[in-house]
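Trainee:
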């Protein structure tokens with residue numbers, strides 16, 4: 001079900017395998033560098049938050065081709081004439097490349113490599129599809145969570161969206177990514193066990209509906225969970241439900257509003273609870289919330305202490321995908337090293353191995369980024385890409401307590417968030433994007449490659 | 461990674477577990493019926509296609525709580541005061557309920573149960589989150605694929621979206637669901653092995669870019685795949701690429717256009733290939749396609765033989781979620797059976813166990829559906845829900861050849877599609893939705909439950 005243990009090498013697009021077969025059979029033995037980055041910001045996003053690196057590295061360490069995988073391929077019509085060398089290559093396949101990456105939780109922008117892979121060209125090609133699908137999804141959700149938690153301005157947000165995430169695995173990984181993007185925890189219990197992140201949840205409408213009487217439903221629940229009960233008060237009538245709870249005389253830890261006019265209800269409920277002397281009973285809101293509704297509720301003075309956000313978060317509903325790609329930027333043939341780029345109409349990519357340098361202004365906020373060549377360094381610019389894997393092995397040990405990794409990523413995001421300029425942090429689309437430029441040397445290399453290609457259809 | 465073998469019982473929202481603990485500890489031993497359905501059609505959808513039942517049943521058969529799962533729960537603060545009976549219940553947990561469902565590939569509408577679960581109330585509650593996440597995702601993708609394949613009006617569509625699906629598992633299951641929704645196959649190789657569905661793919665831009673010369677890249681690929689090569693012709697210049705291929709004198713099986721002005725390029729390429737006597741070389745189009753672009757291309761006379769559709773399909777980009785829910789509709793307490801419903805403002809649900817009857821008009825097209833009580837039958841109406849599991853065991857054996865199951869579901873969708881009225885099959889939102897009504901008896905039960913609740917806050 002979930003990313004761990006072994007991954008089948010077949011978790012890839014068929015063309016990665018046909019190309020790998022082409023490289024092996026033609027004895028094309030280059031070492032290639034691919035960079036994974038986002039071409040443009042999706043709708044309503046001013047920045048993105050890197051997430052998913054742990055699972056990406058786990059995939060690279062563990063991807064293998066089983067005998068059954070190879071038999072399946074050999075039986076496909078397109079592989080019938082492929083030489084046995086290729087299947088031997090697959091049976092011995094282990095990823096042995098070097099990887100640089102942005103740490104999880106890092107804020108980044110279009111054009112900036114999230115990951116850079118250098119490996120024998122066939123190997124680097126085979127891992128493309130899964131690397132993209134792992135990093136794309138968690139980055140998408142962490143970036144959405146960043147907006148949602150920013151809108152909640154300090155109030156806790158819990159991720160509630162497993163049921164509408166794109167499958168069981170997506171639910172677990174959405175919980176992980178949402179935590180990196182600033183959420184307090186999740187309703188997904190497996191994610192709690194697996195990643196150590198806090199889990200939340202008490203009762204649904206079905207609990208109330210299963211009981212003949214709403215008051216009985218509340219009482220019976222408090223009996224089992226005397227200290228941690230958030231009672232759901234909107235199944236029939238919010239006012240009546242609150243009166244029943246007060247009449248029971250047992251104070252719950254909170255109440256939850258999941259439908260209706262949450263603003264008005266929250267004001268009434270707060271007043272009624274305070275009047276009963278229950279100032280410390282929290283009001284929790286959920287039900288089709290997203291960053292816009294949360295911002296509007298708080299703007300209008302809603303008395304809500306915490307939010308549960310589901311579908312909008314776990315599917316990144318307003319922008320359910322990002323144009324993330326994995327592009328060849330360098331081919332090292334031993335005697336010559338060629339920089340590779342693509343110039344087909346709207347889909348231009350820059351050649352060469354890159355590093356991103358981030359500059360900070362006098363106000364302590366991020367001021368600009370420069371995407372340069374790997375070997376360049378810029379005074380005052382902090383390099384963002386760090387080495388994470390050498391010859392197929394991770395450079396950092398996996399933490400025994402997974403919460404350490406999670407907390408570190410979340411802290412990194414929160415620290416970065418404090419330094420994002422106001423206009424970029426805002427929910428509305430920024431008039432001027434965050435300033436990111438290519439270095440002079442990178443622009444020069446780009447022009448040079450372009451001229452060669454234009455003249456001779458050759459690269460580098 | 462993928463749905464098979466065992467599933468952790470923790471793959472659920474925490475509140476399912478707290479409610480289950482409440483039922484066990486309070487000795488609330490009802491048998492409950494829950495129905496899983498869609499409240500309203502998502503944007504730009506006139507109908508939905510049921511998918512994911514195989515994985516849902518696999519989940520129900522295999523979900524278990526391991527010792528580690530239970531230790532994790534016991535250590536959570538909220539469970540500290542819960543009686544050991546509950547943890548014993550979990551350690552012995554196996555799903556023993558009865559399930560009725562729509563067969564995969566069935567076209568359905570809001571309010572119609574896609575699945576109906578009858579089981580001890582705690583059991584039925586625990587499986588909610590995963591059942592929703594499994595059925596929601598595949599139904600979402602099959603329904604999107606239905607639109608895309610309808611737009612292609614008979615031309616093959618291949619699902620290409622693994623890299624932007626919401627994780628590795630989502631990529632595999634999107635491929636499965638897209639096949640049910642009429643796709644010809646997928647680029648996801650694992651889905652090919654796992655479900656027996658056809659796989660497609662040949663080369664990416666990186667293959668071209670890795671070679672010094674585009675002509676060499678084509679030639680070296682044709683050498684390895686002489687019979688099945690779709691060459692990618694848009695890396696630098698489409699016209700030049702086609703001329704190079706013709707000059708090589710080796711006929712590929714197809715060429716692929718992935719960017720730029722696909723309409724104009726397809727017309728030129730077709731003419732040039734025909735002029736070379738290569739009338740049987742297919743033109744394949746891909747690159748940010750969806751149902752609207754496909755319909756527009758064909759409308760404008762593009763000469764495209766097959767389509768590859770990625771992100772838009774694998775994320776159902778224009779409507780990345782559906783309001784699918786799992787609601788309590790009946791509580792059987794032994795001596796009394798109560799029907800349950802919910803009346804909180806905008807979120808009304810109908811009580812009672814339901815069946816859907818579908819009527820066909822004289823033109824052979826579907827004319828209307830009636831949602832009635834399970835025991836009702838309607839002359840001329842075909843019942844859509846069928847029993848699929850009894851006491852936790854599947855009623856039909858899992859097919860040895862998974863393609864049999866897949867083909868059956870796809871054929872069912874294609875047969876249903878032929879009977880969907882024109883206005884509902886159209887890509888644009890239908891002015892009048894497909895006629896679905898509740899039976900008189902169901903409306904009467906609904907009113908009766910409502911009156912009781914309104915008067916006394918009691919149900920049934």
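Protein chains in written order, with the numbering used here: chain A, 1 to 460; chain B, 461 to 920. All residues carry an ideal CB built from backbone N, CA and C; glycine is no exception.
Would you grab the beta carbon distance between residue 661(B) and residue 13(A) for me? Rounded to a whole angstrom, and I think it's under 8 Å.
Mentor: Between residue 13(A) and residue 661(B) the Cβ distance is about 5 Å, and since that is below 8 Å, they are a contact.
Trainee: Taking residue 625(B) as the query, report the chain A residues whose CB atoms sit under 8 Å from its CB, ordered along the chain.
Mentor: Chain A residues near residue 625(B): 133, 137, 166.
Trainee: Quick one: what does DSSP say residue 648(B) is sitting in, helix, strand or coil?
Mentor: Looking at residue 648(B) - three-state DSSP - the assignment turns out to be strand.
Trainee: Hey, would you say residue 204(A) sits closer than 9 Å to residue 188(A), going by beta carbons?
Mentor: Cβ atoms of residue 204(A) and residue 188(A): not closer than 9 Å.
Trainee: Within the present structure, is the beta-carbon of residue 728(B) separated from the nearest heavy atom of the ligand GDP by less than 8 Å?
Mentor: In the structure shown, the ligand GDP is absent, as is every other ligand, since no ligand is present at all.
Trainee: Confirm, please, whether the CB-CB distance from residue 529(B) to residue 470(B) is below 9 Å.
Mentor: Contact: yes.
Trainee: With H, G and I counted as helix, E and B as strand and the rest as coil, what does DSSP make of residue 660(B)?
Mentor: Of the three classes helix, strand and coil, the one that applies to residue 660(B) here is coil, per DSSP.
Trainee: For residue 670(B) and chain A, any beta-carbon pair shorter than 9 Å?
Mentor: Yes, its Cβ sits closer than 9 Å to a Cβ of chain A.
Trainee: For the beta strand (DSSP E) holding residue 285(A), just list the boundary residues, first then last.
Mentor: 282 to 285 is the span of the beta strand (DSSP E), which, as asked, contains residue 285(A).
Trainee: Around the C-beta of residue 169(A), are 16 or more other C-beta atoms found within 10 angstroms, so that it is buried, or is it exposed?
Mentor: Per the 10 Å Cβ criterion, buried.
Trainee: Output the boundary residues of the beta strand (DSSP E) element that contains residue 339(A).
Mentor: It spans 337 to 339 - the beta strand (DSSP E) in which residue 339(A) sits, taken as one unbroken run.
Trainee: Is the separation between the beta-carbon of residue 218(A) and that of residue 244(A) shorter than 9 Å?
Mentor: Taking 9 Å as the Cβ cut-off, residue 218(A) and residue 244(A) qualify as a contacting pair.
Trainee: Taking C-beta pairs closer than 9 Å, name the residues in chain A that residue 663(B) reaches, listed in chain order.
Mentor: Those are 15, 18, 19, 22, listed as they occur along chain A.
Trainee: When you compare the CB positions of residue 436(A) and residue 111(A), do they come within less than 9 Å of one another, or not?
Mentor: Yes; because the gap between Cβ atoms is below 9 Å, this pair is in contact.
Trainee: List, in order along the chain, the chain A residues whose C-beta lies closer than 8 Å to that of residue 631(B)?
Mentor: Within chain A, the residues near residue 631(B) are 11, 129, 133.
Trainee: Tell me whether the region 135 to 154 of chain A and the region 604 to 616 of chain B touch, counting them as touching only if at least three CB pairs, one residue from each stretch, are closer than 8 Å.
Mentor: Result no; under three Cβ-Cβ pairs closer than 8 Å.
Trainee: Short check: CB of residue 771(B) to CB of residue 748(B), under 9 Å?
Mentor: Cβ distance < 9 Å, so residue 771(B) and residue 748(B) count as in contact.
Trainee: Taking 9 Å as the cut-off, decide whether the C-beta atoms of residue 569(B) and residue 507(B) are in contact.
Mentor: Their beta carbons are under 9 Å apart, which means residue 569(B) touches residue 507(B) by this criterion.
Trainee: Give me the DSSP bridge partner(s) of residue 832(B).
Mentor: Per DSSP, 815(B).
Trainee: When the cut-off is 9 Å and only beta carbons count, does residue 760(B) lie next to chain A?
Mentor: Not one chain A Cβ lies under 9 Å of residue 760(B).
Trainee: Spell out whether any CB of chain A is found under 9 Å from the CB atom of residue 617(B).
Mentor: Not closer than 9 Å to any Cβ of chain A, the Cβ of residue 617(B) fails to qualify, so no.
Trainee: Kindly indicate which residue of 253(A), 230(A), 215(A) has the alpha-carbon position closest to the one of residue 236(A).
Mentor: Comparing Cα-Cα distances from residue 236(A) to each of 253(A), 230(A), 215(A), the minimum goes to 215(A).
Trainee: Can you check whether the C-beta of residue 266(A) is within less than 9 Å of a C-beta belonging to chain B?
Mentor: So no, residue 266(A) is outside the interface.
Trainee: Counting contacts by CB-CB distance shorter than 9 Å, is residue 1(A) in contact with chain B?
Mentor: For residue 1(A), the predicted model reports a pLDDT of 43, less than 50, meaning its position is unreliable; a value from the coordinates is still stated below. Yes - at least one Cβ of chain B is within 9 Å of the one on residue 1(A).
Trainee: Could you give the distance in angstroms between the alpha-carbon of residue 392(A) and the alpha-carbon of residue 100(A)?
Mentor: Roughly 12 Å separates the two Cα atoms.
Trainee: How would you label residue 120(A), buried or exposed, when you count the other beta carbons within 10 angstroms and need 16 or more for buried?
Mentor: Label assigned to residue 120(A): buried.
Trainee: Hey, out of 755(B), 720(B), 845(B), 738(B), whose CA is closest to residue 887(B)'s CA?
Mentor: Closest by alpha carbon: 755(B).
Trainee: List, in order along the chain, the chain B residues whose C-beta lies closer than 7 Å to that of residue 87(A)?
Mentor: Under the 7 Å cutoff, chain B gives no residues; its nearest Cβ is about 13 Å from residue 87(A).
Trainee: With a cut-off of 8 Å on the beta carbons, I'd call residue 325(A) and residue 86(A) a contact; round off their distance for me.
Mentor: Actually they do not touch by this definition, with Cβ atoms about 26 Å apart.
Trainee: Based on the DSSP output, what are the partners of residue 437(A) in its beta bridges?
Mentor: Note: residue 437(A) sits in a beta bridge opposite 370(A).
Trainee: So, at 6 Å on beta carbons, what are the nonlocal neighbours of residue 365(A) in its own chain, with the 5 sequence-adjacent residues on each side left out?
Mentor: Only 419, 421 meet the Cβ criterion.
Trainee: With respect to the alpha helix (DSSP H) encompassing residue 86(A), which residues constitute its N-terminal and C-terminal limits?
Mentor: Looking at the DSSP string, the run of the alpha helix (DSSP H) that includes residue 86(A) is 84 to 91.
Trainee: Would you mind reading off the limits of the alpha helix (DSSP H) that contains residue 268(A)?
Mentor: Residue 268(A) -> alpha helix (DSSP H) spans 262 to 275.
Trainee: By the criterion of Cβ-Cβ separation under 9 Å, what are the contact partners of residue 110(A) in chain B?
Mentor: The contacting residues do not exist; residue 110(A) stays about 16 Å from chain B at best.
Trainee: Cα-Cα, which of 206(A), 32(A), 314(A), 355(A) is closest to residue 137(A)?
Mentor: Nearest option by C-alpha distance: 314(A).
Trainee: In chain B, which residues lie with their C-beta within 7 Å of the C-beta of residue 8(A)?
Mentor: Going along chain B in sequence order, the residues near residue 8(A) (Cβ under 7 Å) are 650.
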